[in-house]
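Below you'll find the structure, written out as C-alpha cells, and then a few comments.
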Amino acid sequence: MSSRILERAKDGVVEGFPPVLVFLSTVDSTVLADAVVDVLLKHLAPGNHELVLFDVNRYSMVQELLVNDPGP
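In our numbering, the protein residues as written are 241 to 312.
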C-alpha cells in the first residue's frame with residue numbers, strides 16, 4: 241500500500257482520498273506511528289484525517305474490571 245500512496249503522491253498530495261481515521265497502539269511494534277504519518281497521512285490532501293494513539297491502561301484500580309479469560 242505504501243508504494244501506491246507514494247506513487248500517487250509523487251506530484252504533490254493525493255487528492256480526493258476519503259477521510260482517514262487511524263487507531264494505532266503505541267505498544268505495537270509492527271506498525272510505527274512515524275511510518276503512518278510519513279508514508280500515509282502527510283501525502284494526503286488536507287481533510288478530516290485523524291490519528292488516534294492509544295496505550296495500555298495501567299491504572300491499577302481498573303485491573304479488577306479487566307478479564308483475563310474472555311471465554312466465560
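Ideal placement from N, C-alpha and C gives every residue a C-beta, glycine not left out.
Buried/exposed call for residue i, threshold 16 Cβ in 10 Å
{"i": "L280", "result": "buried"}
Beta-carbon proximity check, residue i vs residue j, cutoff 9 angstroms
{"i": "V296", "j": "V276", "result": "no"}
{"i": "V271", "j": "H289", "result": "no"}
Residue i versus residue j - alpha carbon distance
{"i": "L246", "j": "D274", "result": "15 angstroms"}
{"i": "A249", "j": "A285", "result": "10 angstroms"}
{"i": "D268", "j": "L291", "result": "15 angstroms"}
{"i": "G287", "j": "T266", "result": "24 angstroms"}
{"i": "R244", "j": "G252", "result": "14 angstroms"}
Three-state secondary structure assigned by DSSP to residue i
{"i": "S265", "result": "strand"}
{"i": "L280", "result": "helix"}
{"i": "L246", "result": "helix"}
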